[in-house]
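Here the structure is laid out as structure tokens; the discussion comes afterwards.
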Amino acid sequence: MKYTELQPKDGDVVLHCGHLDDKPHHFYVLGGASREPIHFHRPDGSVGEATWMVLCHRCFQVYPENPEKCMRADATWIGNEPEIKDDSN
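Encoded structure:
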């Protein structure tokens with residue numbers, strides 16, 4: 360995995376494929392450089408906003424060009440995993 364300063368943090372809202380127990384994960388920052396949350400509609404009609412999209416490796420392989428097509432739910436990220444360390448120094 361590559362180190363990046365941008366990683367999900369405790370409390371961030373993520374859209375996900377529904378397979379959060381299947382690792383490794385692939386993470387996408389939403390909202391471009393500004394990291395403005397994107398707004399989405401849940402099946403019940405309520406509106407949410409998220410700053411991350413998370414896919415399991417299997418979904419990443421099936422939807423490499425359109426990962427948003429496999430989004431099934433949203434969740435609040437708990438903890439600070441994945442903490443990918445910068446080992447280049």
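Under this note's numbering, the residues of the sequence shown are numbered 360 to 448, in order. Glycine is no exception: its CB is placed at the ideal position from the N, C-alpha and C atoms.
Which class does residue i belong to by DSSP, given the choice of helix, strand or coil?
i           : result
residue 360 : For residue 360, the pLDDT reaches just 45, beneath the cut-off of 50, and the residue's location in the model is therefore unreliable, although a value from the coordinates is still provided. Correct three-state label for residue 360: coil.
So is residue i buried or exposed if we call it buried at 16+ other beta carbons inside 10 Å?
i           : result
residue 423 : exposed
residue 435 : exposed
residue 383 : exposed
Whole-angstrom Cβ separation of residue i and residue j, contact assumed at under 8 Å?
i           : j           : result
residue 373 : residue 413 : 5 Å
I'd like the ranges of any alpha helix (DSSP H) spanning at least 4 consecutive residues and lying wholly in the region 398-440. Listed in chain order, the complete alpha helix (DSSP H) runs (minimum 4 residues) inside the region 398-440 are 416-421.
Closer than 8 Å is the cut-off here; do at least three beta carbon pairs connect the region 414-423 with the region 390-404? No contact exists between the region 414-423 and the region 390-404.
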